[in-house]
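Student: This is the structure I want to talk about, given as structure tokens.
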Amino acid sequence: MPITVIYGSDGKDMVRQALAHRRWELALDPHRTYGIKPNLVLARPSHSGATTDPSVVEGIITFLKDHGCHKIKIMESSWLGDSTTRAFRICGYEVLAQRYQVELIDLKKDRTVTAEQGGLQLEICRSALDVDCLINVPVLKAHCQTRLTCALKNLKGCIPDREKRRYHSLGLHRPIAALNKALPQHLVVVDGIIGDLTFEEGGTPVHMHRVIVGTDPVAVDSYCASLLGLGPEDVPYITMAAELGVGNTYCEVEELNEGRQSLFAPSQTADALKLHFTEAEACSACVGSLMHALYRLKEQGKRPPNSIFIGQGFKGKEGRGLGIGNCARGFTSSVPGCPPTARAIIDALESAIENR
Ligand code: SF4
């Protein structure tokens, strides 16, 4: 079945139209449990470009309910250091859940199951595995470590925090691909209304005015990568997932209406900021805090200090420079936290600049 693209800005209406066009009702069964996995990476509303617009999820919920499916759960685990419960509230999911009597599950508190896939032992949240039909609802965004974050990477919110750290120490791509093999998803609905082409955590939103629906996460990600001018080979977890049989990198695309079919260039800002530090196996939340701190500093016209180090690869190592996070505490000075806040990093950077 092709990927369906619909342009506009009313998430609920676009999703319902796309699902009706695909005759999704034929695949529904009122006896089944439906799990919806949005991207609530942190507690920031969708207009920031970081998180899934609740109106997109509302379109899915109302479509399910219209066809007699009432066993619906929304589940997520925000990134390291952020509270999913807070994200549910700030991002509008508490209100949504109350309105439609849908259960909210904070996967940070969930039990896990160990699965073996792609030569890796993977811990996966039980609730995500237990639903009959997993609906993945990512946001189309650029990512400073993997270049793209969309369907395949969004499942990283279905694993415990300790696994999120471990994925980074494993290089991120291979475990993401294996996770998608171990945790099947049945539908992907991409929120491409507002994304962010600089930061995964939002703050520099880009209006893209579209929703993209498909059943193959590899095909959806390949298509979304192409919108950013990237091929599947530019995002290694896409080709790795294809090799594991998760899906195909090519799929036909149908557009339901006319819209702004423009391509979007990933911003160069993140690449420029990355020149200021040395990274080894760093978690996304840690890098996110550092990137934001550097961004704020540059906005004020300040030149960041040299020799900044971040990541699990610096655990137990010593050296001259500024270490970011508990892992890099062995440097001359360091910012504690796992992850540290952007505010604490800004303070440390400013103090390093003053003492330069
Ligand atoms: S300090 Fe940063 S890199 Fe180290 S484990 Fe914590 S979040 Fe990850």
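Using my numbering, you'd call the opening residue of the sequence shown number 32 and step up by one each time.
The C-beta atom is built at its ideal place from N, Cα and C for all residues, glycine as well.
1. Alpha helix (DSSP H) containing M322: first to last residue?
2. Leaving out five residues before and five after L304 in sequence, what residues of the same chain have Cβ atoms less than 7 Å from its Cβ?
3. Taking the alpha-carbon positions, what's the R130 to T229 distance?
4. What's the C-alpha gap between E330 and G352?
5. Can you name the start and end residues of the beta strand (DSSP E) that P69 belongs to?
6. How many whole angstroms separate the CB atoms of L210 and L171, which I take to be in contact at a CB cut-off of 8 Å?
7. Going straight from the alpha carbon of P370 to that of G319, what length do you get?
8. Return the chain-ordered list of same chain residues with a C-beta closer than 8 Å to the C-beta of T64, the five sequence neighbours on each side being excluded.
9. Just how far apart, CA to CA, sit I67 and I166?
10. Q343: beta carbon under 7 Å from a heavy atom of the ligand SF4?
11. Would you say the beta carbon of P191 is closer than 7 Å to some non-hydrogen atom of the ligand SF4?
12. Relative to the C-alpha of K195, which residue among V72, D44 and T300 is closest?
13. Taking P297 as the reference, give the member of E286, D222 and M239 with the closest Cα.
14. Rounded C-beta distance between I207 and H78? I'm assuming under 8 Å.
15. If V87 and V36 are in contact, beta carbons under 8 Å, what's the gap, nearest whole angstrom?
16. Should G42 go down as buried or exposed, given a rule of 16 or more other Cβ atoms within 10 Å for buried?
17. Using the Cα positions of D192 and C122, report the straight-line distance between them to the nearest angstrom.
18. Would you kindly check if the distance between the Cβ of C255 and the Cβ of L179 is under 8 Å?
19. Is the beta carbon of T280 closer than 8 Å to that of V249?
20. Short of 7 Å in beta carbon distance, which residues of its chain neighbour E310, apart from the five on each side in sequence? Order them along the chain.
21. Cβ-heavy atom distance between C358 and the ligand SF4 below 7 Å?
22. Ordered along the chain, which non-local residues of its own chain (more than five positions away) have a Cβ less than 7 Å from that of G368?
23. Nearest to F295 by alpha carbon, out of L201, S158, V221 and L261?
24. Am I right that D252 and A316 are in contact with their C-beta atoms under 8 Å? What's the rounded C-beta distance?
25. Going by C-alpha to C-alpha distance, which of L95, V366, S114 and V220 sits closest to V168?
26. Whole alpha helix (DSSP H) runs in the region 149 to 214 with 4 or more residues, listed along the chain?
27. With a threshold of 16 other CB atoms inside 10 Å of the CB of V133, please say whether the residue is buried or exposed.
28. Using beta-carbon positions only, say whether S200 and E285 come within less than 8 Å of one another.
29. Note down, in chain order, each residue of its chain lying with its Cβ closer than 8 Å to the Cβ of E264, except the 5 sequence neighbours on either side.
30. So, for V366: in the same chain, excluding its five sequence neighbours on each side, which residues have a beta-carbon less than 6 Å away from its beta-carbon?
31. So, with DSSP's three-state summary, where would you put D113?
32. Give me the Cα-Cα distance between R157 and I136, rounded to the nearest whole angstrom.
33. Say yes only if the C-beta of R196 is nearer than 7 Å to one or more non-hydrogen atoms of the ligand SF4, and no if none qualify.
34. Got a sec: does the ligand SF4 put a non-hydrogen atom nearer than 7 Å to the Cβ of L306?
Tutor: Concretely, from the data shown:
1. S315 to E330
2. M322, L325 and Y326
3. 33 Å
4. 23 Å
5. Y65 to P69
6. Going by Cβ atoms, the distance from L210 to L171 rounds to 19 Å, so no, they are not a contact pair.
7. 9 Å
8. K102, I103, K104, D161, V162, D163 and C164
9. 5 Å
10. yes
11. no
12. V72
13. M239
14. The pair is not a contact, with the Cβ atoms about 27 Å apart (cut-off 8 Å).
15. Not quite, the Cβ-Cβ distance comes to about 14 Å (not below 8 Å), so this is no contact.
16. buried
17. 21 Å
18. yes
19. yes
20. V318, I341 and G342
21. yes
22. G356, N357 and A375
23. L261
24. So it is not a contact: roughly 22 Å between Cβ atoms.
25. V220
26. 157 to 161, 182 to 185, 192 to 200 and 204 to 213
27. buried
28. no
29. T270
30. I355, A375, I376 and A379
31. coil
32. 11 Å
33. yes
34. no
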